[in-house]
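J.:
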Amino acid sequence: MKYTVINHPLHNIDGVAKVTGRATYTFDVKLPGMLYGKVLRSPYPHARILHIDTSKAERLPGVKAVVTGKDTLGVKQGIWRRYPELCDEEILAREKVRYIGEPVAAVAAVDEDTAEEALDLIEVEYEPLPAVFDPMEAIKEGAPQIHEGVERNINVTRHIEWGNVDEAFKDADYIREDWFKCSGQAHVCMETHCAVSSYTPDGKLTVWTSTQSPYYIQVLLAWTLGLRENDVRVISRYVGGGFGSKFELDSAQFCSALLSMKLCRPVKIVLTREEEFTATKRRTPMYYHVRTGVKKDGRFVAREVRVFTDGGAYTSMGATALYLTGFFHSFPYKWPNYRYDGYRVYTNTMPSSAMRGFGAPQAIFVSESQIDMIAEELGIDPIEIRRINAMTPDYEIPGQATIRSCGLLECLD
Numbered sequence: 577m578k579y580t581v582i583n584h585p586l587h588n589i590d591g592v593a594k595v596t597g598r599a600t601y602t603f604d605v606k607l608p609g610m611l612y613g614k615v616l617r618s619p620y621p622h623a624r625i626l627h628i629d630t631s632k633a634e635r636l637p638g639v640k641a642v643v644t645g646k647d648t649l650g651v652k653q654g655i656w657r658r659y660p661e662l663c664d665e666e667i668l669a670r671e672k673v674r675y676i677g678e679p680v681a682a683v684a685a686v687d688e689d690t691a692e693e694a695l696d697l698i699e700v701e702y703e704p705l706p707a708v709f710d711p712m713e714a715i716k717e718g719a720p721q722i723h724e725g726v727e728r729n730i731n732v733t734r735h736i737e738w739g740n741v742d743e744a745f746k747d748a749d750y751i752r753e754d755w756f757k758c759s760g761q762a763h764v765c766m767e768t769h770c771a772v773s774s775y776t777p778d779g780k781l782t783v784w785t786s787t788q789s790p791y792y793i794q795v796l797l798a799w800t801l802g803l804r805e806n807d808v809r810v811i812s813r814y815v816g817g818g819f820g821s822k823f824e825l826d827s828a829q830f831c832s833a834l835l836s837m838k839l840c841r842p843v844k845i846v847l848t849r850e851e852e853f854t855a856t857k858r859r860t861p862m863y864y865h866v867r868t869g870v871k872k873d874g875r876f877v878a879r880e881v882r883v884f885t886d887g888g889a890y891t892s893m894g895a896t897a898l899y900l901t902g903f904f905h906s907f908p909y910k911w912p913n914y915r916y917d918g919y920r921v922y923t924n925t926m927p928s929s930a931m932r933g934f935g936a937p938q939a940i941f942v943s944e945s946q947i948d949m950i951a952e953e954l955g956i957d958p959i960e961i962r963r964i965n966a967m968t969p970d971y972e973i974p975g976q977a978t979i980r981s982c983g984l985l986e987c988l989d
């Protein structure tokens, strides 16, 4: 196969603008009459919202508007619009909060300091509820129910069955099983989430925002705000890092748009670094149980995998990580028999979503770690056991995909 991109130098088309300071980011956007917004967030991991009193905040000099969930259409949104059961998140909670940092109100004021002061004047009456923070606890009988009607807090499942796993284990000379835990991870983009929204009396909304997916954001804003898609324009300038964290509709985008629609003035919201860590999205934490059968010569005969992912409070894009981690866990080796049972579990933590690799880093870390353990137990060189089982071109992998090119053997050599 002849490559035209791989192993060829490419010109960096935006490098000069960045290093000379000519590149402009959403943070740099300034519009005439622009106001500044801040978001009030829940201090509880799980609670009912009984009452919100914004009157004191509204009377503060310099405050132009305050919005709560009552000012929204109450649309439960999500990236998977084709599957209503996976659209489970309101950007401004109306009746219930499910993690510390969930937005409950937003303020627009003449400057950030005034908006911040106004947040302290909003009075929210909560009824705290039992919370659960670990997926292995959340699936137990009697655990706090995070979403009504969701049995054992299991959000999404994914299963792969390839070959005859049970029979293959009977033929194995050596079987090893282990538990692994992969922690969550913050994206820590240099540029925090931010948006500038401008709504005009003719019903047009323009949003400048730091996003990896302007068309997703256009559709989701139109849906949640009750606008036509062709009346919403999303402008994504240079993005100061995304790594998967800026795919979905966020509180800066939604709240700035909602406030701008109420005032017909531009509103800018920039999340703080603290909000980035507590109130956005993260890499998916995972618990992996792996059972592997091997012949004495190092040939893999079967692998059985159970994965429990910490989905956090809402579905978001994390459902894809559940699918991909099972898919990539078999890479880059030949598994004649493979079983994967994956469970994405709700917890009272910040939602888990996309991050570089999107389930693959966890899968590869777990697989490669156990292969090293097996090689040591069998007294086989760790490179040799990989060479014995290496995937080759045109190999059909569990999950019914065919690998057209694979240079693992060349790499090992």
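Positions 577 to 989 (my numbering) are the ones given, in order, by the sequence shown. Ideal placement from N, C-alpha and C gives every residue a C-beta, glycine not left out. Since the structure is predicted, the reported quantities are computational estimates derived from the model, not experimental observations.
1) Could you give the distance in angstroms between the alpha-carbon of Thr580 and the alpha-carbon of Gly955?
2) Given Thr733, which residues of its chain have a CB within under 7 angstroms of its CB, disregarding the five upstream and five downstream residues?
3) For Pro1021, I'd like the list of residues in its chain whose CB is within less than 8 angstroms of its CB, leaving aside the five on either flank, ordered along the chain.
4) On the three-state DSSP scale, how would you describe Asn731?
5) Considering Cα atoms alone, identify which of Gly654, Arg617, Arg635, Lys578 is closest to Thr896.
6) Strictly by DSSP, which residues pair up with Phe853?
7) If you draw a straight line from the alpha carbon of Tyr916 to that of Ala930, how long is it in whole angstroms?
8) With H, G and I counted as helix, E and B as strand and the rest as coil, what does DSSP make of Lys640?
9) Measure the Cβ-Cβ separation of Tyr601 and Glu767 and say whether it is below 7 angstroms.
10) Relative to the C-alpha of Tyr750, which candidate in Thr901, Phe876, Met967 has its C-alpha closest?
11) According to the neighbour-count rule (16 or more other Cβ atoms, all chains shown, within 10 Å of its Cβ), is Glu852 buried or exposed?
12) Below 8 angstroms, can you find three or more Cβ-Cβ pairs linking the region 692-704 to the region 624-638?
13) For Ser906, which residues from the same chain have a beta carbon less than 6 angstroms from its beta carbon, with the 5 sequence-adjacent residues on both sides left out?
14) Mapping the DSSP letters down to three states, classify Leu839 as helix, strand or coil.
15) With three or more beta-carbon pairs closer than 8 angstroms as the criterion, would you say the region 810-821 touches the region 656-673?
16) Of the residues Leu839, Gly820, Thr776, Lys632, which one's Cα is nearest the Cα of Arg809?
17) In angstroms, rounded to a whole number, what distance separates the CA positions of Thr576 and Cys982?
18) I'd like to check one pair, Ile667 with Phe884: are the Cβ atoms closer than 7 angstroms?
19) Excluding the 5 residues preceding and the 5 following His735 in the sequence, name in chain order all residues of the same chain whose CB lies nearer than 6 angstroms to its CB.
20) Quick one: which unbroken beta strand (DSSP E) runs of 3-plus residues sit fully inside the region 788-828? Chain order, please.
21) For Ile625, write down the residues that DSSP places opposite it in a beta bridge.
T.: From the atom records:
1) 42 angstroms
2) The beta carbon of Thr733 is closer than 7 angstroms to those of Gly918, Tyr919 in its chain, skipping five residues each way along the sequence.
3) With the chain running from 577 to 989 in the structure shown, residue 1021 is simply not present.
4) strand
5) Gly654
6) Bridge partners of Phe853: none, in fact.
7) 21 angstroms
8) strand
9) Result yes, Cβ atoms of Tyr601 and Glu767 sit closer than 7 angstroms.
10) Phe876
11) buried
12) yes
13) Tyr914, Ile973, Pro974
14) Annotated three-state conformation of Leu839 is helix, per DSSP.
15) no
16) Thr776
17) Because the chain is modelled from 577 through 989, residue 576 falls outside the range shown and cannot be assessed.
18) For Phe884 and Ile667, no; Cβs fall outside 7 angstroms.
19) Asp917
20) 808-811
21) Tyr702
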